[in-house]
């Protein structure tokens, strides 16, 4: 059989190599036993040259060495180089695609649905106050700059308690909206609008400080009025019936008496006039 010839040659070469190594060992042992270290050096060089010559002579000719390598692997056991898994290497986590280019012309692509569910939303809900409008998340920098000045203390002194209360919560609502816009700018990394938001927020804070100033003045005025009322004998701050002011004389009594006296004088003068008319007619 032609395929068995290289195997036979390799076995023969291996046997010759083993016998040559045993022969060299025996020669080296005899030389070491016969002579010293001075006699060992030239014999070692001779043995190396002799071994190289024997090895080259024991090799088969070049024509025999160029033959095909012997293999017992069947053709059916051939290794598959192509991967039959089309999804190999496809990962949605690492965004990696397939290793080979795939043709998708015959594969129908999915189409998104046109259906959009309509969720019932209260247009007057309080959470809309955190945004500039119901359909707008942020103001533009130009819209953010369109604001007036802050309220002064002189202007707020003339306002009622209800007006000050309403203005205070309007400022709180404005600050909540500006804080939400600032967080949205940082999340989206837009890179603009922060300076305008801070300038508007500063004006709102000035108004709130003015409201506190006006209310503090009213509180001090009320404390002074309470101290004066405690020293007034006509005011009882601890009255249980709720009637704190108890004057010693009422102005209504004086007004009624004055009006009665004025009415009596007018009626008397009218009666005298009626009595004098017949006398004048009789004299005529």
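Numbering (UniProt numbering), first residue to last: 1 to 284.
Positions of the beta carbon are idealized from the N, C-alpha and C atoms, including for glycine.
Three-state secondary structure (DSSP) at residue i?
i, result
"residue 116", "coil"
"residue 91", "strand"
"residue 173", "helix"
"residue 96", "strand"
"residue 245", "strand"
"residue 159", "coil"
"residue 182", "helix"
"residue 229", "helix"
"residue 206", "helix"
"residue 82", "coil"
"residue 111", "coil"
"residue 189", "coil"
"residue 38", "With a pLDDT of 47 at residue 38, under the threshold of 50, the predicted position of this residue should be treated as unreliable, and no value is reported."
"residue 239", "coil"
"residue 199", "helix"
"residue 134", "coil"
Between residue i and the rest of its own chain, which residues show a CB-CB distance below 7 Å, the 5 nearest in sequence each way excluded?
i, result
"residue 137", "131, 184"
"residue 245", "234, 235"
"residue 150", "203, 206, 207, 210"
Roughly how far, in whole angstroms, is the beta-carbon of residue i from the beta-carbon of residue j, given that I think they are within contact range, below 8 Å?
i, j, result
"residue 144", "residue 196", "4 Å"
"residue 157", "residue 229", "About 22 Å; that fails the 8 Å criterion."
"residue 141", "residue 191", "Not a contact, Cβ separation roughly 11 Å."
"residue 201", "residue 178", "5 Å"
"residue 97", "residue 107", "Wrong, their Cβ atoms sit about 15 Å apart, outside the cutoff."
Counting C-beta neighbours from all protein chains within 10 Å, is the total for residue i 16 or more, i.e. buried, or is it exposed?
i, result
"residue 109", "exposed"
"residue 18", "exposed"
"residue 93", "exposed"
"residue 127", "exposed"
"residue 172", "exposed"
Ignore the nearest five residues each way along the sequence and tell me which others in residue i's own chain have a CB closer than 6 Å to its CB.
i, result
"residue 286", "Outside the modelled stretch of the chain, which goes from 1 to 284, sits residue 286, for which no answer is possible."
"residue 139", "132"
"residue 14", "none"
"residue 306", "As shown, the chain starts at 1 and ends at 284. That puts residue 306 outside it, with no answer to give."
"residue 148", "none"
Here's a check: name, in chain order, each residue in its chain whose Cβ is nearer than 8 Å to the Cβ of residue i, leaving out the five neighbours to either side.
i, result
"residue 123", "134"
"residue 129", "173, 176, 177"
Below 8 Å, can you find three or more Cβ-Cβ pairs linking the segment 232 to 252 to the segment 172 to 190? Contact between the segment 232 to 252 and the segment 172 to 190 is not established, with fewer than three Cβ pairs separated by less than 8 Å.
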